[in-house]
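Take this note's numbering: the final residue in the sequence shown is number 302, and no numbers are missing along the way.
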Amino acid sequence: MLIGTKRLDEEKVAVLIADIRRKKELTELSEEFVREHVLEFLEQEHKAASMLLQQFNPRSAVYKKLIKDVRARLRRVYGLFRLEEELKKRRQLVDKLVTTGSKPESKDRKELLDQILATHSSTRERISFYDQLYTKIFSITGKPTSIIDLGCGINPFSFPYLKLKKAAYYAYDISNEEIESLNEYFHLLHTENKLFTGTAHVLNILQWLKLRKLPLADVCFLFKMTDVLDRGKGHKASEAVITGVPARYVVVSFPTLTMSGKRMNAPRRKWIELMCKRLGYLFTILTFSNEIFYVIEKKT
Numbered sequence: 003m004l005i006g007t008k009r010l011d012e013e014k015v016a017v018l019i020a021d022i023r024r025k026k027e028l029t030e031l032s033e034e035f036v037r038e039h040v041l042e043f044l045e046q047e048h049k050a051a052s053m054l055l056q057q058f059n060p061r062s063a064v065y066k067k068l069i070k071d072v073r074a075r076l077r078r079v080y081g082l083f084r085l086e087e088e089l090k091k092r093r094q095l096v097d098k099l100v101t102t103g104s105k106p107e108s109k110d111r112k113e114l115l116d117q118i119l120a121t122h123s124s125t126r127e128r129i130s131f132y133d134q135l136y137t138k139i140f141s142i143t144g145k146p147t148s149i150i151d152l153g154c155g156i157n158p159f160s161f162p163y164l165k166l167k168k169a170a171y172y173a174y175d176i177s178n179e180e181i182e183s184l185n186e187y188f189h190l191l192h193t194e195n196k197l198f199t200g201t202a203h204v205l206n207i208l209q210w211l212k213l214r215k216l217p218l219a220d221v222c223f224l225f226k227m228t229d230v231l232d233r234g235k236g237h238k239a240s241e242a243v244i245t246g247v248p249a250r251y252v253v254v255s256f257p258t259l260t261m262s263g264k265r266m267n268a269p270r271r272k273w274i275e276l277m278c279k280r281l282g283y284l285f286t287i288l289t290f291s292n293e294i295f296y297v298i299e300k301k302t
């Protein structure tokens with residue numbers, strides 16, 4: 003790892019990443035993702051970087067503080083602090099889903115999928131309006147045959163709400179655990195319906211140049227991801243993702259409630275409306291109880 007003009011030995015980098023990921027709520031993050039944030043932290047914290055390069059000692063106060071600070075950043079910026087019991091419950095539910103043999107259209111299957119969606123705050127909030135959401139989105143985009151879901155989390159478990167018989171679903175996230183569960187679910191769906199194909203992969207969408215290499219798709223979902231992308235530094239990263247992802251339509255969503263649960267006075271995001279106007283993109287706004295969606299058509 004190159005820090006400024008000096009290099010930190012790769013064996014030491016591996017130790018550093020392993021120590022950061024030792025916390026249970028961070029073990030699901032890919033090593034590549036953690037590595038990037040270690041580098042970013044060291045490039046910003048010159049004193050810590052200098053001391054680490056001079057003397058790499060996992061028992062030192064400097065090393066322990068670095069571990070603590072990087073973990074805190076990962077939890078804060080990416081909302082990755084998840085209760086162990088919730089992750090355990092989701093794993094059990096996914097295992098039950100892929101082994102019970104419940105019929106695709108059965109009540110048991112729907113209840114099981116809703117229980118899985120309820121293990122994450124964002125998808126739990128959408129359960130009451132998922133059906134309406136996809137109906138309204140597709141009334142604008144037309145029924146897609148291919149979908150990209152960036153920073154997907156467990157959103158793809160809502161697939162039955164899309165009511166699509168034929169579809170290719172490409173899901174991307176930084177969580178190894180979620181990617182594994184999604185691939186198991188996609189395999190189940192393909193077994194039941196050969197017209198469905200789905201793949202899930204680890205991808206850090208901050209590396210937006212990689213987005214151009216993704217499969218072409220009709221629609222891209224980018225739900226509650228712009229704050230993660232921009233990190234309070236303007237909106238260049240979000241714009242790069244929206245313009246770079248190979249999909250004609252991009253559906254971007256934002257919360258309409260504050261962290262304390264109060265309704266925002268101005269839930270619309272003027273920056274994205276101005277961006278669309280500047281780029282010649284069309285957009286339609288869909289508003290629900292706790293989330294606002296911009297359905298953007300990328301005119302070329």
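Built from N, CA and C at the ideal position, the CB exists for glycine as well.
Notebook entry, point to check: Distance, Cα to Cα, Ser-291 vs Phe-131?
Noted result: 9 Å
Note to self: Using the three-state DSSP reduction, which class does Cys-278 fall into: helix, strand or coil?
What the structure shows: helix
Notebook entry, point to check: What does Tyr-2 pair with, by DSSP beta-bridge criteria?
Noted result: In the structure displayed, the chain extends from 3 to 302; residue 2 sits before or after that span and is not available.
Note to self: Quick check: the Cα distance between Val-15 and Arg-37, rounded to an integer number of angstroms?
What the structure shows: 8 Å
Next item on the list: Could you have a look at Ser-148 and say whether DSSP puts it in helix, strand or coil?
Entry: strand
Margin query: In the DSSP output, what is Ser-177 paired with across the bridge?
Written below: Leu-31
Check: When the distance is taken between beta carbons, is Ser-148 closer than 8 Å to Asp-220?
Finding: yes
Check: Does the Cβ-Cβ distance between Thr-143 and Val-40 come in under 8 Å?
Finding: no
Checklist line | Of the residues Thr-137, Leu-213, Ala-242 and Tyr-136, the one placed nearest Pro-248, counting alpha carbons only | finding: Leu-213
Next item on the list: Hey, could you find the ends of the beta strand (DSSP E) Thr-245 is sitting in?
Entry: First-last for Thr-245: 238–246, but that is the alpha helix (DSSP H), not the beta strand (DSSP E).
Next item on the list: Quickly, what does DSSP pair Phe-58 with across the bridge? List them, please.
Entry: Phe-58 pairs with nothing; no bridge assigned.
Check: If you run the structure through DSSP and keep just helix, strand and coil, what is Asp-220?
Finding: strand
Note to self: Let's test the definition: count the other Cβ atoms within 10 Å of the Cβ of Leu-211 and tell me whether it reaches 16, buried, or not, exposed.
What the structure shows: exposed
Item checked: Alpha-carbon spacing of Gly-103 relative to Val-96, whole angstroms -> 12 Å
Note to self: Between the alpha carbons of Asn-157 and Leu-119, how many angstroms are there, rounded?
What the structure shows: 7 Å
Next item on the list: Determine the direct distance from the alpha carbon of Ile-19 to that of Ser-177, and round the result to whole angstroms.
Entry: 15 Å
Notebook entry, point to check: Under three-state DSSP, which class holds Ala-268?
Noted result: coil
Next item on the list: Mind checking which residues open and close the beta strand (DSSP E) that includes Phe-198?
Entry: 198–204
Margin query: So, at 6 Å on beta carbons, what are the nonlocal neighbours of Phe-198 in its own chain, with the 5 sequence-adjacent residues on each side left out?
Written below: Ala-169, Leu-191 and His-192
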